[in-house]
Amino acid sequence: MTRRVVEHKYKGTDNEILQVITVFEPGINKEQIKKMNSFTKKINTLIPAGNEYDWKRSG
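Residue numbering for the sequence shown follows our numbering, starting at 373 and increasing by one per position.
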């Protein structure tokens, strides 16, 4: 089952760029993620490849 990945970047008070990557449990869909994180623009997808996960390839 696929997993969704969301990346957020934020510029802190000391002008350092902070990055947060959230990997959601299998089965959650884009609509549920958008309800939890309304500022999320891009949601990536991981697909199972044996015992590991790989990025979904377009095309």
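Using N, Cα and C, we set each Cβ at its ideal position, and we do this for glycine too. Note that this is a predicted model, so its numbers are computed, not measured.
C-alpha distance - residue i paired with residue j, whole-angstrom precision
i           : j            : result
glycine 431 : arginine 375 : With a pLDDT of 38 at glycine 431, under the threshold of 50, the predicted position of this residue should be treated as unreliable, though the coordinate-derived value follows. Roughly 19 Å separates the two Cα atoms.
lysine 381  : tyrosine 425 : 23 Å
glycine 422 : lysine 407   : 31 Å
leucine 418 : proline 398  : 9 Å
glycine 384 : valine 392   : 12 Å
lysine 402  : lysine 428   : 15 Å
From the options, residue whose alpha carbon lies closest to that of residue i
i             : options                           : result
valine 377    : Glu424, Ala421, Lys414 and Lys407 : Lys414
glutamate 379 : Met373, Pro420, Phe396 and Lys428 : Phe396
Counterpart residues of residue i in DSSP-defined beta bridges
i             : result
aspartate 426 : Ile419
glutamate 379 : Ile393
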